[in-house]
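Chains as they are written, first to last, in full-length UniProt numbering: chain A, 1 to 326; chain B, 1 to 258; chain C, 1 to 293.
For glycine and all other residues, C-beta sits at the position ideal for the given N, C-alpha and C.
Only one structure is covered here, and it is reproduced in the block below.
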Amino acid sequence: MAATVHTRDGGSALGRSASRRSRGETPFRYASTGAGILLLAIMAAIAVFLVVEAIPALRANTGGFFTTQTWEPNATRPSFGIAALAFGTVFSALLALIMAVPVAVGVALFISHYAPRRLAGVLGYVVDLLAAVPSVVYGLWGITFLAPFMVGPSNFLHDHLGFIPLFGGDIVAGRSMLTASLVLAVMILPIIAAISREVFLQVPRAHEEAALALGATRWEVIRMAVLPYGRPGVISAAMLGLGRAMGETIAVALIFQATFDISFRILTPQGNSIAANIANRFGEATQTGRGALIASGLVLFVITLLVNMGARFIVARRKEFSGAAA
Amino acid sequence: MSQQIQVSGLDAYYGRHKAIEDISMTIEPNTITAFIGPSGCGKSTFLRTLNRMHEVIPGARVEGKVLLDGEDLYGPGVEPVSVRRMIGMVFQRPNPFPTMSIYENVAAGLRLNGRRSKSEVDGIVETSLKGANLWNEVKDRLGKPGAGLSGGQQQRLCIARAIAVRPEVLLMDEPCSALDPISTLAIEDLMAELKSQFTIIIVTHNMQQAARVSDRTAFFNLAGQGQPGRVIEMDETSRIFTNPSQKATEDYITGRFG
Amino acid sequence: MTTHTVQRVSTGRRLKDRLVQTLVYLAFAVAVIPLISVLWLVIKNGLARFDLDFLTHSMRGIGARDIGGGAYHAILGTLEQVLLASLISVPIGLLTAIYLVEYGRGGRLSRAISFFVDVMTGIPSVVAGLFVLAFWVLALGMPFSGFAGALALSILMMPTVVRSTEEMLLLVPGDLREASYALGVPKWRTIVKVVLPTALTGIVTGVMLAIARVAGETAPLMLTVFFTDSINSDPFNGPQMGLPLYVFDQARRPTDIAVDRAWTGALTLILIVMLLNLVARLIAWWRSPARGR
Numbered sequence: 001m002a003a004t005v006h007t008r009d010g011g012s013a014l015g016r017s018a019s020r021r022s023r024g025e026t027p028f029r030y031a032s033t034g035a036g037i038l039l040l041a042i043m044a045a046i047a048v049f050l051v052v053e054a055i056p057a058l059r060a061n062t063g064g065f066f067t068t069q070t071w072e073p074n075a076t077r078p079s080f081g082i083a084a085l086a087f088g089t090v091f092s093a094l095l096a097l098i099m100a101v102p103v104a105v106g107v108a109l110f111i112s113h114y115a116p117r118r119l120a121g122v123l124g125y126v127v128d129l130l131a132a133v134p135s136v137v138y139g140l141w142g143i144t145f146l147a148p149f150m151v152g153p154s155n156f157l158h159d160h161l162g163f164i165p166l167f168g169g170d171i172v173a174g175r176s177m178l179t180a181s182l183v184l185a186v187m188i189l190p191i192i193a194a195i196s197r198e199v200f201l202q203v204p205r206a207h208e209e210a211a212l213a214l215g216a217t218r219w220e221v222i223r224m225a226v227l228p229y230g231r232p233g234v235i236s237a238a239m240l241g242l243g244r245a246m247g248e249t250i251a252v253a254l255i256f257q258a259t260f261d262i263s264f265r266i267l268t269p270q271g272n273s274i275a276a277n278i279a280n281r282f283g284e285a286t287q288t289g290r291g292a293l294i295a296s297g298l299v300l301f302v303i304t305l306l307v308n309m310g311a312r313f314i315v316a317r318r319k320e321f322s323g324a325a326a
Numbered sequence: 001m002s003q004q005i006q007v008s009g010l011d012a013y014y015g016r017h018k019a020i021e022d023i024s025m026t027i028e029p030n031t032i033t034a035f036i037g038p039s040g041c042g043k044s045t046f047l048r049t050l051n052r053m054h055e056v057i058p059g060a061r062v063e064g065k066v067l068l069d070g071e072d073l074y075g076p077g078v079e080p081v082s083v084r085r086m087i088g089m090v091f092q093r094p095n096p097f098p099t100m101s102i103y104e105n106v107a108a109g110l111r112l113n114g115r116r117s118k119s120e121v122d123g124i125v126e127t128s129l130k131g132a133n134l135w136n137e138v139k140d141r142l143g144k145p146g147a148g149l150s151g152g153q154q155q156r157l158c159i160a161r162a163i164a165v166r167p168e169v170l171l172m173d174e175p176c177s178a179l180d181p182i183s184t185l186a187i188e189d190l191m192a193e194l195k196s197q198f199t200i201i202i203v204t205h206n207m208q209q210a211a212r213v214s215d216r217t218a219f220f221n222l223a224g225q226g227q228p229g230r231v232i233e234m235d236e237t238s239r240i241f242t243n244p245s246q247k248a249t250e251d252y253i254t255g256r257f258g
Numbered sequence: 001m002t003t004h005t006v007q008r009v010s011t012g013r014r015l016k017d018r019l020v021q022t023l024v025y026l027a028f029a030v031a032v033i034p035l036i037s038v039l040w041l042v043i044k045n046g047l048a049r050f051d052l053d054f055l056t057h058s059m060r061g062i063g064a065r066d067i068g069g070g071a072y073h074a075i076l077g078t079l080e081q082v083l084l085a086s087l088i089s090v091p092i093g094l095l096t097a098i099y100l101v102e103y104g105r106g107g108r109l110s111r112a113i114s115f116f117v118d119v120m121t122g123i124p125s126v127v128a129g130l131f132v133l134a135f136w137v138l139a140l141g142m143p144f145s146g147f148a149g150a151l152a153l154s155i156l157m158m159p160t161v162v163r164s165t166e167e168m169l170l171l172v173p174g175d176l177r178e179a180s181y182a183l184g185v186p187k188w189r190t191i192v193k194v195v196l197p198t199a200l201t202g203i204v205t206g207v208m209l210a211i212a213r214v215a216g217e218t219a220p221l222m223l224t225v226f227f228t229d230s231i232n233s234d235p236f237n238g239p240q241m242g243l244p245l246y247v248f249d250q251a252r253r254p255t256d257i258a259v260d261r262a263w264t265g266a267l268t269l270i271l272i273v274m275l276l277n278l279v280a281r282l283i284a285w286w287r288s289p290a291r292g293r
């Protein structure tokens, strides 16, 4: 019967149901309110249970949780800390962001302003496909194809730009910070591109025509009307991408060499992140080990939360601004 | 310094739909020409063919000639970008760049054409804002966003932006339709002043406005239901409004249709 | 020589315009290269073992250097886990969206829920897994199981379902609701009989995309479903396998045979995910206004 009430022509069906009084109203309202409250409860539970399960491990820890650069929670005198892991998480994600954002903005502009209109939809879908590939597949691709492939370019960078600490170090390896960041960049690119494309398409026609009428070239139209309008959107897209990159687990778990150094050398065989460490150490973890991993996950949760809230804040402020201007 | 425009045999299309057909006219320098006619008869379309803004709509194209001082704007090797630099445009709804200040809005077009010294830009911004009768109202808040002005002020800001690049011709597409009567009056006064420096073409739905400001008036109408728009009659404004030669023109201006 | 009224655009501006155009085209090419590379390698390497044997056998009793073995247990596990996750998250997500749009509009509770749905969208999948580990396995003492994995996946699905449903409900014109109220139809029946059917295809599309997204998740499964090489069709008891987990597990093993299995697993996984995506988009397209339906 529900199927007959599609749109405007549902009058007769509605008439019939009207005769039955609203006995279902209260339960239905409670159910939907309850679902919303359940969602809040889940969020609260996530925070609470992560903390509760982390505390015993943190109590047993003989090292400083925020300063130690090792991960030995299974030892008789457990010692573990997230210093190196947190560094790796933030550093690899930022590197990925630096590589992904310019390309993503280019892709977004291509689809919104350069590609032939008929092709734009299809090309947009192709980029969305990138986002549909599961992360474990990127990990597999990264470790079997990209890592060996990157040895050549890495050596080139090391030989010619080795005087810069970033490209310095004694040994060059395919499974490096650079390779992991590249994989992350590929993974976050479609999200940043998709959001940027949306905001570029929302630029009012009137603003673009204003620039055109002044005798602006296509690039000048973009610089004058499109980029300034889209900037907050691009920034928040980038921050959402950053959050994704920091939380990404499997792809980097396969590529990172699971070291515990804090080093800016992106070509050497080192690198780790909170998420990768969880994936790599969970199998062997004892009770304290699991607690320690949960504690590190809590830190990851807080960091991504801050980044995501930052992104939302920018979007919200933008809404107010354009609302006032309209 | 402004120049004559000659249009001959101009057709404009949206995809396969022909919007206007066989338009020919001559517009003399330093005059105001008004286009009047019922909605959808192609006035705005024709206006936009004059600075090659028509073709920015996907699928839109133009056939025929538009000569500016003898040079065909649709000729080979003529870039739309340069055409628009010479023929400025003011739109129906004020459209200052929302992220720019008043100053930056006026200077927006200047920055496209080479580096200029700060003092030179300052000078042009001031002259343009004075030319648009806006200077006294905004001179103390040039750094404030242009979007914060009233509708009438925004439209004058857009006029200042358009004249800052010193175009030969100024096209105005129903510039007062979104404004209150006082702002409308201010813009009409402004047009009379700007006439000495620019050739002005204005599309308007307001016949009193056409009668008040223009030297010549062209009446556009559809050739028939589903047919493209044409120029029915073009003449001195006083003649069009007192003694038009076509029955359709008379019907329109006396309010019998449209 | 004629003098031109219309001056040409300066070379500098023209070059800059061209340069940017080239960069933009280049950016698109750069973005597509990894996609082609990934898909090509997955197809090329995956097809080698993509056979009936792979789809119908588990890894039980397959030694480190043995050829053969398959992903049946993993495919079965993934299907069960994703189904359970949908059964949990879709009703909750749907009802929450209904609350946000129809009942709680603008209220304090609705704003709080809306805010935390956004927060939830950003939860790293590994954290969702850790939560279920902490809550279900460690605190409640339940075993690792497919159901635990489904719990973790449903946490990831919920915000997506809420957001896409909310969007669709907001698209339903207010006139339609008012027309129904005017006939004396109570609110809840209006929602069930008028609003939901109108938004149905959009909601289904959103749910399918959410399923496609979680079907490829690995990290939460690892922490909740654990690993097994055997077939375990009971999602409520004992460790299961999932297809993404299978790919990860095989990719970590040191032999080429295992890596081949990983590729075939990846191919199977991509096929499932792409199929879900395709069906979702087909549904959206089928009912889109552009088609004149």
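Are the beta-carbon atoms belonging to residue i and residue j less than 9 Å from one another?
{"i": "residue 160 of chain B", "j": "residue 95 of chain B", "result": "no"}
{"i": "residue 92 of chain A", "j": "residue 271 of chain A", "result": "yes"}
{"i": "residue 192 of chain A", "j": "residue 240 of chain A", "result": "yes"}
{"i": "residue 59 of chain C", "j": "residue 71 of chain C", "result": "yes"}
{"i": "residue 161 of chain C", "j": "residue 112 of chain C", "result": "no"}
{"i": "residue 88 of chain B", "j": "residue 163 of chain B", "result": "yes"}
{"i": "residue 166 of chain A", "j": "residue 65 of chain A", "result": "no"}
{"i": "residue 164 of chain A", "j": "residue 269 of chain A", "result": "no"}
Going along the chain, which residues of its own chain have a beta-carbon closer than 6 Å to the beta-carbon of residue i, five neighbours each way excluded?
{"i": "residue 49 of chain B", "result": "12 and 62"}
{"i": "residue 256 of chain A", "result": "180, 271, 272 and 276"}
{"i": "residue 164 of chain C", "result": "206"}
{"i": "residue 343 of chain A", "result": "Outside the modelled stretch of chain A, which goes from 1 to 326, sits residue 343 of chain A, for which no answer is possible."}
{"i": "residue 180 of chain C", "result": "190 and 194"}
{"i": "residue 253 of chain A", "result": "276, 279 and 280"}
Please go through the same chain and pick out, in chain order, the residues whose beta-carbon is closer than 7 Å to the beta-carbon of residue i, but skip the five residues on each side of it.
{"i": "residue 270 of chain C", "result": "42"}
{"i": "residue 12 of chain A", "result": "Interpretation of residue 12 of chain A is limited by its pLDDT of 45, a score under 50 that renders its predicted location unreliable; the figure taken from the coordinates is listed afterwards. Hits under 7 Å: none found."}
{"i": "residue 185 of chain C", "result": "none"}
{"i": "residue 54 of chain C", "result": "70, 71 and 264"}
Hey, how far is the Cα of residue i from the Cα of residue j?
{"i": "residue 19 of chain A", "j": "residue 183 of chain C", "result": "Annotation note: pLDDT 43 at residue 19 of chain A (below 50); position unreliable, no value reported."}
{"i": "residue 74 of chain A", "j": "residue 51 of chain A", "result": "19 Å"}
{"i": "residue 119 of chain C", "j": "residue 100 of chain C", "result": "16 Å"}
{"i": "residue 36 of chain B", "j": "residue 196 of chain B", "result": "23 Å"}
{"i": "residue 45 of chain C", "j": "residue 33 of chain C", "result": "18 Å"}
{"i": "residue 157 of chain C", "j": "residue 101 of chain B", "result": "44 Å"}
{"i": "residue 233 of chain B", "j": "residue 245 of chain B", "result": "8 Å"}
{"i": "residue 235 of chain B", "j": "residue 72 of chain B", "result": "24 Å"}
{"i": "residue 58 of chain B", "j": "residue 39 of chain A", "result": "46 Å"}
Could you confirm whether any beta carbon from chain A is found closer than 9 Å to the beta carbon of residue i?
{"i": "residue 62 of chain C", "result": "no"}
{"i": "residue 104 of chain C", "result": "yes"}
{"i": "residue 167 of chain C", "result": "no"}
{"i": "residue 286 of chain C", "result": "no"}
Report all residues from its chain with a CB closer than 8 Å to the CB of residue i; omit the five preceding and five following residues, and keep chain order.
{"i": "residue 2 of chain A", "result": "Note that residue 2 of chain A has pLDDT 39, beneath the 50 cutoff, so the model's placement of it is unreliable and the number below is only indicative. Excluding positions up to five away in sequence, the list is empty."}
{"i": "residue 120 of chain B", "result": "none"}
{"i": "residue 19 of chain B", "result": "12, 13, 42, 45, 228 and 229"}
Taking 9 Å as the CB-CB cut-off, is residue i touching chain B?
{"i": "residue 20 of chain C", "result": "no"}
{"i": "residue 215 of chain A", "result": "yes"}
{"i": "residue 24 of chain C", "result": "no"}
Can you give the beta carbon distance from residue i to residue j, rounded, assuming they're within the 8 Å contact cut?
{"i": "residue 90 of chain B", "j": "residue 175 of chain B", "result": "5 Å"}
{"i": "residue 130 of chain C", "j": "residue 245 of chain C", "result": "The pair is not a contact, with the Cβ atoms about 16 Å apart (cut-off 8 Å)."}
{"i": "residue 179 of chain B", "j": "residue 151 of chain B", "result": "6 Å"}
Is the CB of residue i under 9 Å away from at least one CB in chain C?
{"i": "residue 138 of chain A", "result": "yes"}
{"i": "residue 112 of chain B", "result": "yes"}
{"i": "residue 82 of chain B", "result": "yes"}
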